[in-house]
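For reference, the structure is listed below as structure tokens.
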Amino acid sequence: MRILLVEDERKVAEMVSRGLKAERYAVDVAENGDAGWAMANTYDYDLVILDLGLPDMDGGEVLRRIRARNPTLPILILTARDATASKVTSFEAGADDYLTKPFAYAELVVRVKALLRRGPSKQSNVVRVGDLELDRLTQQVSRGGQRIELTPKEYSLLDYLATHPGRVLSRTMIVEHVWDQSFEGLTNIVDVYVRHLRAKIDDPFPNKLIWTVRGAGYRLVDEAKA
Amino acid sequence: MNTRSIRFRLAAWHAVLFTAVFAVLGTLLYASVKEYLYDTLLETQARRARQIAETLLANAPRTGEDYVVREINSLYSPELSNRFIRVSRRDGSFLYVSGPPSDQSFDPRGVPAPREGNAAEFARRENLGDGRHLLVAAFRAAAAQGGDYLVEVGTSAEPVDRFARHLLLLLALGIPLVLAVAAAGGYILARRALKPVEQIALKAEMITQHNLSERLPITHTGDELERLSVALNHMITRLDDAFGNSKRFVADASHELRTPLTVIQGELENLAGDAHISADLRDRIGSTLEEVERLGKIVQKLLALSRLDAGEAREEWVRVDLASLARATSDQMLLLAEDKKIRVTVDGGHPVHVMGDRARLKQVVVNLVDNAVKYTPAGGSVRIGVHKSAGSALLEVADTGIGIPPEAAPLVFERFFRVGRDRSTQEDGAGLGLAIVKSICVAHGGRVEVESSVGSGSRFVVSLPLSD
Chain A
212 MRILLVEDER
222 KVAEMVSRGL
232 KAERYAVDVA
242 ENGDAGWAMA
252 NTYDYDLVIL
262 DLGLPDMDGG
272 EVLRRIRARN
282 PTLPILILTA
292 RDATASKVTS
302 FEAGADDYLT
312 KPFAYAELVV
322 RVKALLRRGP
332 SKQSNVVRVG
342 DLELDRLTQQ
352 VSRGGQRIEL
362 TPKEYSLLDY
372 LATHPGRVLS
382 RTMIVEHVWD
392 QSFEGLTNIV
402 DVYVRHLRAK
412 IDDPFPNKLI
422 WTVRGAGYRL
432 VDEAKA
Chain B
4 MNTRSIRFRL
14 AAWHAVLFTA
24 VFAVLGTLLY
34 ASVKEYLYDT
44 LLETQARRAR
54 QIAETLLANA
64 PRTGEDYVVR
74 EINSLYSPEL
84 SNRFIRVSRR
94 DGSFLYVSGP
104 PSDQSFDPRG
114 VPAPREGNAA
124 EFARRENLGD
134 GRHLLVAAFR
144 AAAAQGGDYL
154 VEVGTSAEPV
164 DRFARHLLLL
174 LALGIPLVLA
184 VAAAGGYILA
194 RRALKPVEQI
204 ALKAEMITQH
214 NLSERLPITH
224 TGDELERLSV
234 ALNHMITRLD
244 DAFGNSKRFV
254 ADASHELRTP
264 LTVIQGELEN
274 LAGDAHISAD
284 LRDRIGSTLE
294 EVERLGKIVQ
304 KLLALSRLDA
314 GEAREEWVRV
324 DLASLARATS
334 DQMLLLAEDK
344 KIRVTVDGGH
354 PVHVMGDRAR
364 LKQVVVNLVD
374 NAVKYTPAGG
384 SVRIGVHKSA
394 GSALLEVADT
404 GIGIPPEAAP
414 LVFERFFRVG
424 RDRSTQEDGA
434 GLGLAIVKSI
444 CVAHGGRVEV
454 ESSVGSGSRF
464 VVSLPLSD
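In order, the protein sequence lines correspond to chains A and B. The numbering used here applies: residue 212 is where the first sequence begins, and numbers increase by one. The numbering used here applies: residue 4 is where the second sequence begins, and numbers increase by one.
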């Protein structure tokens, strides 16, 4: 998998490419719009991560040119502009996803994976982590064959964690995914729901599945198996 | 009526001044008219006295005194013409005294004898009592041989006095009229002159930090009011620039902070993911990451505020049912309250529609409910209500929390304001939540107010224009 990263902030570029390389992606970095467009036009990429504020050629222009040339190449916009208008313009110009700085690195990886996984979904209706089982069709949850009753919000939260097993999900990501942007200010809403979820999922069982990662967020993983 | 308004004071001054001028002029007029009439009357009497002296008395020694008496009676018939005629001899005895006048205005016999010495001609005003006066002109007639006579001719001052009283009455009646006309005139003139001031004031009141680009109307009259409105407009321009600069600064600064924050967050996350570091170091990196996340949130909220300031709330403008929005939103936060053993109730089942940006209106509910839950101790309650009142949609969030001290109540909507140290409960929130609520309300043409008493709770009321 080859990713083109167009980002003029050297440190952001380094940080992102190092992280993506650790995930075993091949990453090329272009430091301005001209170079970015030239590289996208020359090589065959699976994904483009594009900063909007670029020297030489604006990110929006690069986005339009790439889209005109290749209608299916996934493009993830990375920018400090988070006005709704800016998002709408980018989506209209053909962006597939949009990430606002500052972002959690984990979130970038989750979105990159989601974009690369696009196409016919191979995901089954049943998600398993250890002995935890989620039926995404009926929204039923069981652990070790034992039915567990969850409220709709608790289910959404568990579903989000379970579909990204082993990955740290930040509170911001969880709020945006399970609730919406309006709730972003109240981070402890996530903590409260996770505590309630733990009481049902983890407390009755010997091995824990939901882990707190200080400063980063939560992850769902079966450590005993890993 | 405002007695301190310029309009009232101008009208009052106008009236007082006019009345004073009228009173002075009236007094002068009254005095001079009366004086003139007395003089004219006396002049007539004096002429007649001279006539009698020169035509009749000069020849008295020759014609005899009886002739004089007959002539006076037939020529002047003083009783019929209400005139007083008296001729006295040198020794003080009377040669002739007219009879009582037909109108009984005086008694000729009661008129005192002249006291003047040897003056040839003089005039006097005899007071007859009861406010009646007699005007008397005297002329000394020198007879050819020896003895001379004093001729006195008089008439009642009554007609002149009556006319003067009449004039006085007219003038006195005129004063309130002048007062009324001057006051009304002054009031109308002042109102006309001050009308532009009212327009300027009305317009100026409508200018807030959100429409500083607007200007006051300028009437090109070249007068003081034009100067005033031009000066005010210059002031608004300077305010606009200052506000614009500070808004741009906040927007730019928050924007510029994002890239370094991204790098810090990413690098720290990478570090924390390193399997070789100690648990203690991991914990410290985690703690730092929490602060970075908090910083990121503040930056994000500041940007949200500066976008609201820039009037971006109207991007997505739809009809929203505030009642169902409040219910759905508070449902999503129920667990947050239950966790603190706080009971949340929502009243108002009828739809209340407003026009606005759904996500931002939801933000208002979220921030207010979060705030209420945060500052209400366990076992308390939070009541949310949505209803219509006098053309407004009201959203109320009342709690049984710790309350806000009265001196802090007006400040809770200020950016970065926090009531005391003890209120800053947790790591989240920088004192921007209520500032965002206020900005959203203002951007929707509404407002937010708070009533609170320490120890018994707070009540936040958002009012927005109804859409139906």
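The beta carbon of each residue, even a glycine, is placed where N, CA and C say it ideally should be.
For residue i, collect the residues of the same chain with a Cβ closer than 6 Å to its Cβ; drop the 5 residues on either side in sequence, then sort them by chain order.
i	result
A:Y366	Q350
A:R278	G305
B:A60	Per the sequence presented here, residue 60 of chain B reads as Leu, with Ala not at that position. For B:L60, where only same-chain residues beyond five positions count, the Cβ hits under 6 Å are A144, Y152.
B:L292	L271
A:G428	V379, L380, S381, R382
B:L98	E68, V90, R92
A:A241	V217, G247, M250
Please report the straight-line C-alpha distance between residue i and residue j, rounded to a whole angstrom.
i	j	result
B:L472	B:T22	The requested residue 472 of chain B does not occur in the structure, where chain B is confined to residues 4 to 471.
B:R51	B:V156	7 Å
B:A183	B:K37	28 Å
A:T295	A:L348	33 Å
B:S392	B:S470	13 Å
A:N281	A:Y254	12 Å
A:L261	B:L260	19 Å
B:T240	B:L311	21 Å
B:L274	B:R285	8 Å
A:D413	A:D269	49 Å
B:Y378	A:P376	36 Å
B:A15	B:L397	46 Å
A:T300	B:K344	45 Å
B:Y41	B:S96	29 Å
B:L174	B:M209	50 Å
B:R127	B:A193	53 Å
A:N252	A:E272	14 Å
B:R92	B:L78	21 Å
B:S309	B:R450	18 Å
A:L372	A:L345	11 Å
B:E399	B:R297	29 Å
B:R218	B:I387	40 Å
So, at 7 Å on beta carbons, what are the nonlocal neighbours of residue i in its own chain, with the 5 sequence-adjacent residues on each side left out?
i	result
A:Y316	G230
A:F394	V386, I400
B:R53	F142
B:A556	Because chain B here runs from 4 to 471, residue 556 of chain B falls outside it and cannot be looked at.
B:L138	Y41, L44, L45, Q48, R128, G157, T158, A160
B:G478	In this structure chain B extends from 4 to 471, so residue 478 of chain B is not present and cannot be described.
DSSP state of residue i, grouped into three classes?
i	result
A:I286	strand
B:G460	strand
B:P468	strand
A:I214	strand
A:L231	helix
B:L235	helix
A:Y254	coil
B:R7	coil
A:G305	coil
B:D324	strand
B:T379	coil
A:D262	strand
B:R165	helix
A:I343	With the sequence shown as reference, residue 343 of chain A is identified as Leu, and Ile is not the correct amino acid for it. Note: A:L343 maps to strand in three-state DSSP.
Within its chain, find whatever has a CB closer than 8 Å to the CB of residue i; leave out the 5 residues flanking it on each side and keep chain order.
i	result
A:R378	A317, V320, V321, R430
A:L327	M212, D257, L258, P285
B:A375	V385, V400, A401, D402, G404, S461, F463
For a test of your reading of the model: does the CB of residue i fall under 8 Å from any non-hydrogen atom of the ligand NAP? Yes or no.
i	result
B:R50	Only the bare structure without any ligand can be found here, which leaves the ligand NAP out of the picture.
Exercise for the section: Tell me the start and end of each unbroken beta strand (DSSP E) in the stretch 369-424 of chain A that is at least 3 residues and wholly inside, in chain order. Expected result: As for any beta strand (DSSP E) of minimum length 3 sitting wholly inside the stretch 369-424 of chain A, the runs are 421-424, ordered along the chain.
Practice task
Give, in chain order, every residue of the stretch 396-416 of chain A whose Cβ lies closer than 7 Å to some Cβ of chain B.
Solution key: G396, L397, T398, N399, I400, V403, Y404, H407
Problem - Where the stretch 291-315 of chain A meets chain B: residues whose CB sits under 9 Å from a CB there - result: A291, R292, D293, A294, T295, A296, V299, T311, K312, P313, F314, A315
Exercise for the section: Let me know the beta strand (DSSP E) ranges lying completely inside the stretch 91-137 of chain B, each 3 residues or longer, listed in chain order. Expected result: 97-100, 124-132
Exercise for the section: Below 9 Å between beta carbons is the criterion; list the residues of the stretch 220-235 of chain A that meet it against any residue of chain B, in chain order. Expected result: E220, K222, V223, E225, M226, V227, R229, G230, A233
Problem - Under 7 Å (Cβ pairs) to chain B, residues found in the stretch 341-362 of chain A - result: none
Exercise for the section: Please list the residues of the stretch 292-314 of chain B that have a C-beta atom closer than 8 Å to any C-beta atom in chain A, keeping them in chain order. Expected result: From the stretch 292-314 of chain B, only L292, E293, V295, E296, G299, K300, V302, Q303, K304, L306, R310 have a Cβ closer than 8 Å to chain A.
Exercise for the section: Closer than 8 Å, Cβ to Cβ, to anything on chain B: give me those residues from the stretch 363-374 of chain A, in chain order. Expected result: K364
Exercise for the section: May I ask you to list, following chain order, the residues of the stretch 342-361 of chain B that have a beta carbon less than 7 Å from some beta carbon of chain A? Expected result: So the list reads D342, given in the order they occur along the chain.
Exercise for the section: Starting from the N-terminal side, write out each stretch of the beta strand (DSSP E) that is 3 residues or longer and does not extend beyond the stretch 329-362 of chain B. Expected result: For secondary structure counted as the beta strand (DSSP E) over 3 or more consecutive residues, the stretch 329-362 of chain B holds these complete runs in sequence order: 346-350, 356-359.
Exercise for the section: Below 8 Å between beta carbons is the criterion; list the residues of the stretch 418-432 of chain A that meet it against any residue of chain B, in chain order. Expected result: V424, R425, G426, A427
Handout entry: chain A contacts made by the stretch 264-282 of chain B, where a contact means CB separation under 7 Å
Key = L264, T265, V266, Q268, G269, E270, E272, N273, A275
Practice task
Mind listing, in chain order, the continuous alpha helix (DSSP H) runs of no fewer than 4 residues lying wholly within the stretch 247-312 of chain B?
Solution key: 282-312
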